[in-house]
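*Asks:* Sharing a structure with you now.
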Amino acid sequence: WAYARPYQREADRRADLSGWLHFYNHHRRHTGIGGHPPASRVPNLSGQNN
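Below you can see the structure in the form of structure tokens.
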């Protein structure tokens with residue numbers, strides 16, 4: 005994510021990190037786990053559903 009496109013400022017790169025992490029963990033299909041996103045393997049990682 006950090007090198008996929010040029011960033012003018014470090015702050016801009018950091019600002020994009022949370023969106024990229026959300027996509028990577030919740031939407032991107034991972035072949036190693038049957039095409040499912042990593043978040044599907046850990047249903048309550050954030051602890052919001054206690």
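So this note's numbering is basically just the index in the sequence shown, starting at one, shifted up by 4.
We put the CB at the ideal spot given by N, CA and C, even for glycine.
Since this is a predicted model, take the numbers as computed values, not measurements.
Rounding to the nearest angstrom, what Cα-Cα distance links R45 and W24 in this structure?
*Replies:* Residue mapping note: residue 45 aligns to position 41 of the sequence shown, counting from 1. Residue mapping note: residue 24 aligns to position 20 of the sequence shown, counting from 1. Whole-angstrom Cα-Cα distance: 19 Å.
*Asks:* Looking only at its own chain, which residues have a Cβ that is under 7 Å from the Cβ of H34, when we skip the five neighbours before and after it?
*Replies:* For the purposes of this step, residue 34 is taken as the residue at position 30 of the sequence shown. Answer for H34: H40, P41 and P42, listed in chain order.
*Asks:* Suppose only complete runs of 4+ residues qualify. What are the alpha helix (DSSP H) ranges in the stretch 13–46, listed by chain order?
*Replies:* Runs found: 14–30.
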